[in-house]
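The listed protein sequences derive, respectively, from chains A and B. Residue numbering for the first sequence follows numbering that gives the first Met the number 0, beginning at 0 and increasing consecutively. Residue numbering for the second sequence follows numbering that gives the first Met the number 0, beginning at 0 and increasing consecutively. Every residue, glycine too, gets a C-beta built ideally from N, C-alpha and C. On a predicted model such as this, the values are computed, not experimentally measured, just so you know.
2 protein chains.
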Amino acid sequence: MEMNFCNRCASKLELRVPEGDNRLRHVCASCGAVHYENPVVIVGTIPIWQDQVLLCKRAIEPRRGFWTLPAGFQEIGEPIDEGALRETQEEAHAHAEIERLFAVLSVPEIGQVHLMFLAHLIKPEFSPGAESLQVRLFREQEIPWGHIAFRTISRTLRCYFFDRNRGEFGLHVSTLQRSPDG
Amino acid sequence: MEMNFCNRCASKLELRVPEGDNRLRHVCASCGAVHYENPVVIVGTIPIWQDQVLLCKRAIEPRRGFWTLPAGFQEIGEPIDEGALRETQEEAHAHAEIERLFAVLSVPEIGQVHLMFLAHLIKPEFSPGAESLQVRLFREQEIPWGHIAFRTISRTLRCYFFDRNRGEFGLHVSTLQRSPDG
């Protein structure tokens with residue numbers, strides 16, 4: 000979003016360091032309101048059925064046609080785990096139960112924090128939501144590693160299979176660089 | 000922030016459900032820009048020195064005069080752990096090292112996700128930053144439980160002492176209601 004005008008009074012915004020602050024912010028030249036820009040929280044699941052993981056093929060940009068785990072922006076008013084299950088329902092029409100928080104990945108350059116939960120499908124029933132072209136279960140050896148939409152998703156999947164193969168699930172906290180592809 | 004006018008073009012915003020969405024959003028009546036409001040990420044530390052925890056007495060509202068752990072809004076461009084250490088430096092002039100992510104607390108009603116890291120002071124040197132009246136180390140039996148600023152902070156401290164007393168530190172993921180006091 001271009002930051003040109005004040006949400007409160009419609010006057011011009013200027014870029015300056017407010018008193019008592021140490022960073023450039025968009026400040027209203029008229030009413031003085033400071034317009035902070037904050038990182039966003041993305042919540043999602045790793046939906047498991049037996050030895051398979053549910054992935055969604057994206058129907059929207061960025062990365063249309065590439066595979067992803069169900070995930071999206073957390074809404075105000077919803078707990079993080081409920082947001083992750085809502086995204087799973089919206090993107091894959093799948094009902095799942097949360098097992099645990101599995102990965103906390105920050106992508107500072109684009110101001111994102113991803114919270115990915117390990118979850119189990121209640122039934123092997125799913126279908127593409129509005130933002131998906133296709134939804135299907137993959138065994139480890141079937142994962143389309145060359146066609147994963149985002150670096151956060153491939154990192155989460157690699158950590159999942161690593162932990163599954165060693166027989167112990169941990170919490171994975173990492174900082175990632177932005178993918179060259181978004 | 001009151002949402003009256005468009006950041007991009009200064010026209011009036013209206014509250015409606017955008018096409019393909021299922022929630023009320025502030026949408027520009029003129030240019031069509033959707034102004035999402037997202038939860039914010041708060042990063043902080045539990046700074047430990049020997050058997051003591053560093054707390055800051057707040058110099059600012061809300062909850063001026065009450066005790067808190069160093070924490071604040073994550074900035075765009077910074078990893079979550081670096082943000083937590085920055086807040087520790089700003090509020091307590093203390094240098095610490097992160098041990099692990101310890102608590103992930105969401106407060107959905109006010110759109111906040113708190114990421115609290117267990118950290119160790121490098122030296123027992125600290126002093127109040129601009130947002131603190133006083134900074135000091137507390138042993139468990141000295142914690143001013145009746146004068147802790149926020150529910151997220153008392154929850155984090157209780158989990159810390161619980162884990163320390165049982166001899167094993169876990170990850171604490173919870174959803175909290177907003178405190179009656181903020």
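Run down chain A in chain order and give the residues with a C-beta less than 9 Å from the C-beta of residue i.
i        : result
B:Ala9   : Asn3, Phe4, Cys5, Ala9, Ser10 and Lys11
B:Ala129 : Gly19
B:Phe72  : Tyr35, Asn37 and Pro38
Less than 8 Å between CB atoms is the rule here; does residue i satisfy it with respect to chain B?
i        : result
A:Thr174 : yes
A:Ile75  : yes
A:Gly181 : For A:Gly181, the predicted model reports a pLDDT of 44, less than 50, meaning its position is unreliable; a value from the coordinates is still stated below. By this cut-off, A:Gly181 is not an interface position.
Run down chain A in chain order and give the residues with a C-beta less than 7 Å from the C-beta of residue i.
i        : result
B:Ser105 : Pro78 and Ile79
Please compile the residues from chain B whose C-beta is within a distance smaller than 8 Å of the C-beta of residue i.
i        : result
A:Leu170 : Leu100 and Leu170
A:Met115 : Ordered by position in chain B, no residue passes the 8 Å Cβ test against A:Met115, which lies about 12 Å from the chain.
Who are the Cβ neighbours of residue i in its own chain at under 7 Å, not counting the five residues just before and after it?
i        : result
B:Phe125 : Leu53, Ala91, His92, Ala93 and Val134
B:Gly181 : With a pLDDT of 45 at B:Gly181, under the threshold of 50, the modelled position of that residue is not reliable, and no figure is offered here.
A:Met2   : Leu12, His25 and His34
B:Asp50  : Arg138
A:Val172 : Val103
B:Asn164 : none
A:Pro38  : Gly110, Gln111 and Val112
B:Glu96  : Ala118, His119 and Ile121
For a cutoff of 8 Å on Cβ pairs, would you count residue i as touching chain A?
i        : result
B:Glu141 : no
B:Glu108 : yes
B:Gly166 : no
What does residue i touch in chain A if you count any residue whose Cβ is under 8 Å from its own?
i        : result
B:Val112 : Val40, Gln73, Ile79, Val112 and Leu114
Closer than 6 Å by C-beta to residue i: which residues in its own chain qualify, once you throw out the five before and the five after it? Chain order, please.
i        : result
A:Phe168 : Asp162
B:Cys8   : Ser29 and Cys30
A:Glu108 : Arg177
A:Ile147 : Trp66 and Ser153
B:Gly71  : Glu86
A:Ala58  : Glu130, Ser131 and Leu132
B:Val42  : Gln73, Ile79, Gly82, Ala83 and Leu114
B:Phe160 : Glu139
A:Glu89  : Gly128
In chain order, what residues of the same chain have a beta carbon less than 8 Å from the beta carbon of residue i, not counting five sequence neighbours either side?
i        : result
B:Leu175 : Leu104, Ser105, Val106, Arg150, Thr151 and Arg154
B:Leu14  : Leu23, Arg24, His25 and Val26
B:Trp48  : His119, Leu120, Pro123 and Leu136
Cβ of residue i within 7 Å of any heavy atom in the ligand GDP?
i      : result
A:Met2 : With respect to the ligand GDP, the structure shown offers nothing to examine, as it has no ligands at all.
* chain A contacts from the segment 15 to 38 of chain B (Cβ-Cβ distance under 8 Å) -> Gly19, Arg22, Ala32, His34, Tyr35, Glu36, Asn37 and Pro38
* Cβ contact (3+ pairs, closer than 8 Å) linking the segment 105 to 118 of chain A and the segment 16 to 29 of chain A -> no
* Would the segment 147 to 157 of chain A and the segment 72 to 81 of chain A be scored as touching if the rule is three or more Cβ pairs under 8 Å? -> no
* **contact_flag[the segment 60 to 77 of chain B, the segment 97 to 108 of chain B] where n(CB pairs < 8 Å) is 3 or more** => no
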